[in-house]
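Line by line, the protein sequences are chains G and C. Just so it is clear: in the first sequence, position 51 is 51 by UniProt numbering, and no numbers are missing. Just so it is clear: in the second sequence, position 100 is 100 by UniProt numbering, and no numbers are missing. Read through the structure below, which is laid out as structure tokens, and then see the notes.
2 protein chains.
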Amino acid sequence: MEWLNAEEKDAWTGLVSLLLLMPGRLEAPLQQESGLSLFDYLVLSHVSEAPDRTMRMSELAHLANGSLSRLSNVVKRFEQRGWVVRSPDPDDGRYTVAFLTDEGYEVVEAAAPTHLRTVRQFVLDPLSAADRQALTRIAAKLSVTIPPP
Amino acid sequence: MEWLNAEEKDAWTGLVSLLLLMPGRLEAPLQQESGLSLFDYLVLSHVSEAPDRTMRMSELAHLANGSLSRLSNVVKRFEQRGWVVRSPDPDDGRYTVAFLTDEGYEVVEAAAPTHLRTVRQFVLDPLSAADRQALTRIAAKLSVTIPPP
DNA sequence: ACTGTTGACTTCAAGCGTGAAGTCAATGGA
DNA sequence: TCCATTGACTTCACGCTTGAAGTCAACAGT
Numbered sequence: 001m002e003w004l005n006a007e008e009k010d011a012w013t014g015l016v017s018l019l020l021l022m023p024g025r026l027e028a029p030l031q032q033e034s035g036l037s038l039f040d041y042l043v044l045s046h047v048s049e050a051p052d053r054t055m056r057m058s059e060l061a062h063l064a065n066g067s068l069s070r071l072s073n074v075v076k077r078f079e080q081r082g083w084v085v086r087s088p089d090p091d092d093g094r095y096t097v098a099f100l101t102d103e104g105y106e107v108v109e110a111a112a113p114t115h116l117r118t119v120r121q122f123v124l125d126p127l128s129a130a131d132r133q134a135l136t137r138i139a140a141k142l143s144v145t146i147p148p149p
Numbered sequence: 001m002e003w004l005n006a007e008e009k010d011a012w013t014g015l016v017s018l019l020l021l022m023p024g025r026l027e028a029p030l031q032q033e034s035g036l037s038l039f040d041y042l043v044l045s046h047v048s049e050a051p052d053r054t055m056r057m058s059e060l061a062h063l064a065n066g067s068l069s070r071l072s073n074v075v076k077r078f079e080q081r082g083w084v085v086r087s088p089d090p091d092d093g094r095y096t097v098a099f100l101t102d103e104g105y106e107v108v109e110a111a112a113p114t115h116l117r118t119v120r121q122f123v124l125d126p127l128s129a130a131d132r133q134a135l136t137r138i139a140a141k142l143s144v145t146i147p148p149p
């Protein structure tokens, strides 16, 4: 088995730093100002953009890039805070839908500027347009190889 | 505050998928075959490459992209398994050094092929050389903006 | 020489994520 | 019609990470 050449090692080392360090950086402002993790924010954000602010749990887990188990735990917390209501899908009782309450909407609305500022500061602004396009392309290639959850 | 345009959103969406999904993918084979997380492997790997297989904890935390707190907990586990020995640095008692035992070396040696195969499969092989160089460049730009821990 | 400060590191305690196990509704086959 | 299967989802229990608090050695100032 062949070890990494210099170019490969640079790419891998860069990526692993990104993977291990960037989440914490993105979360810190959100956590401090809104008490939300990045995943929390993504969940709230996606369901806030859904028709009638209602989305199936399975779809939500997929959009927020998390497992159903993780989502269930998170949404349970949100439900206890009155931000989300879960109920069986009227169209098919096998599914569960999550509905974002007005209170939950206010939470994500209040957190959005912080989130946006953080994303710009730590991700978008340091990169050129070409870098951003490359990042989009690379992420797409790497996602294709990721087996469905 | 201006919301993301399409290009920015694609880059951001791609990155966040990468950040949330890739770690799990990289870890699964390691976890199954060696019982190691990615961070576990990085810690063992870096100290295995140090002179005399000995490295200061602070340096090790930096190289493995983790906090001192996280590293301390991980190395404590390793110490209990006989893979690592911690002792005060003879040159300066304020520091602690981690030494990789023969047993610990065997663990990282045995895990390396799995790790390498996984990195190739999920990161390097799906990308062109240009992509890998772009990834290196992008990661460097994004790391520069990350404040020191 | 004494002591406050600083930085490295460990420990604590709480919250979170994970895989496994369990529950339930709908489907499909006999 | 019955029931095994399938897939969505929840819960459980354990291990891990985190930020805060605590400990210690060395340094710097008086």
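Note that beta-carbon positions come from the ideal geometry of N, C-alpha and C, so glycine has one too. All of these numbers come straight from a predicted model, not from anything done at the bench.
Could you give the residue range of the beta strand (DSSP E) that holds residue i?
i                     : result
residue 87 of chain C : 84–89
residue 93 of chain G : 92–100
residue 56 of chain G : 54–56
Please report the straight-line C-alpha distance between residue i and residue j, rounded to a whole angstrom.
i                      : j                      : result
residue 48 of chain C  : residue 129 of chain G : 40 Å
residue 112 of chain C : residue 18 of chain C  : 23 Å
residue 61 of chain C  : residue 73 of chain C  : 11 Å
residue 3 of chain G   : residue 122 of chain G : 32 Å
residue 115 of chain C : residue 42 of chain C  : 10 Å
residue 146 of chain G : residue 84 of chain G  : Residue placement at residue 146 of chain G cannot be trusted, given a pLDDT of 44 that sits under 50; the coordinates are not used to answer.
residue 8 of chain G   : residue 125 of chain C : 10 Å
residue 132 of chain C : residue 132 of chain G : 14 Å
residue 34 of chain G  : residue 109 of chain G : 11 Å
residue 69 of chain C  : residue 59 of chain C  : 13 Å
residue 127 of chain C : residue 135 of chain G : 12 Å
residue 139 of chain G : residue 46 of chain G  : 20 Å
residue 107 of chain C : residue 24 of chain G  : 29 Å
Name the chain G residues whose beta carbon is nearer than 8 Å to that of residue i?
i                      : result
residue 76 of chain C  : Those within 8 Å of residue 76 of chain C in chain G number zero; the least Cβ separation is about 19 Å.
residue 60 of chain C  : By Cβ distance, chain G contributes nothing, its closest Cβ being about 14 Å from residue 60 of chain C, past 8 Å.
residue 7 of chain C   : 129, 132, 133, 136
residue 119 of chain C : 4, 12
residue 16 of chain C  : 38, 42, 65
Please compile the residues from chain G whose C-beta is within a distance smaller than 7 Å of the C-beta of residue i.
i                     : result
residue 22 of chain C : 19, 142
residue 10 of chain C : 136
Do residue i and residue j have their CB atoms nearer than 8 Å?
i                     : j                      : result
residue 86 of chain G : residue 96 of chain G  : yes
residue 38 of chain C : residue 21 of chain C  : no
residue 36 of chain C : residue 118 of chain C : no
Which residues in chain C have a C-beta closer than 9 Å to the C-beta of residue i? List them in chain order.
i                      : result
residue 73 of chain G  : Going along chain C, no residue has its Cβ under 9 Å from residue 73 of chain G, so there is no contact; the nearest lies around 15 Å.
residue 124 of chain G : 4, 8, 11, 12
Just to make sure I have the definition right: I need the residues of chain G whose C-beta is within less than 9 Å of the C-beta of residue i. Which are they?
i                     : result
residue 53 of chain C : Near residue 53 of chain C there are no residues of chain G at all, since even the closest Cβ is about 19 Å away, more than 9 Å.
Kindly indicate the opening and closing residues of the alpha helix (DSSP H) around residue i.
i                      : result
residue 12 of chain G  : 6–34
residue 67 of chain C  : Per DSSP, residue 67 of chain C belongs to no alpha helix (DSSP H) and is neither H nor E.
residue 123 of chain C : Residue 123 of chain C -> no alpha helix (DSSP H), and no H or E assigned at all.
Against residue i, what residues of chain C qualify as contacts under a CB-to-CB distance less than 8 Å, listed in chain order?
i                     : result
residue 29 of chain G : Residues of chain C passing the Cβ test: none, with the nearest at roughly 12 Å.
Just to check, is the beta-carbon of residue i closer than 7 Å to a non-hydrogen atom of the ligand SAH?
i                      : result
residue 138 of chain G : With respect to the ligand SAH, the structure offers nothing, as it holds no ligand at all.
Check the Cβ of residue i against every Cβ in chain C and list those closer than 7 Å, keeping chain order.
i                      : result
residue 107 of chain G : Going along chain C, no residue has its Cβ under 7 Å from residue 107 of chain G, so there is no contact; the nearest lies around 18 Å.
residue 139 of chain G : 14, 15, 17, 18
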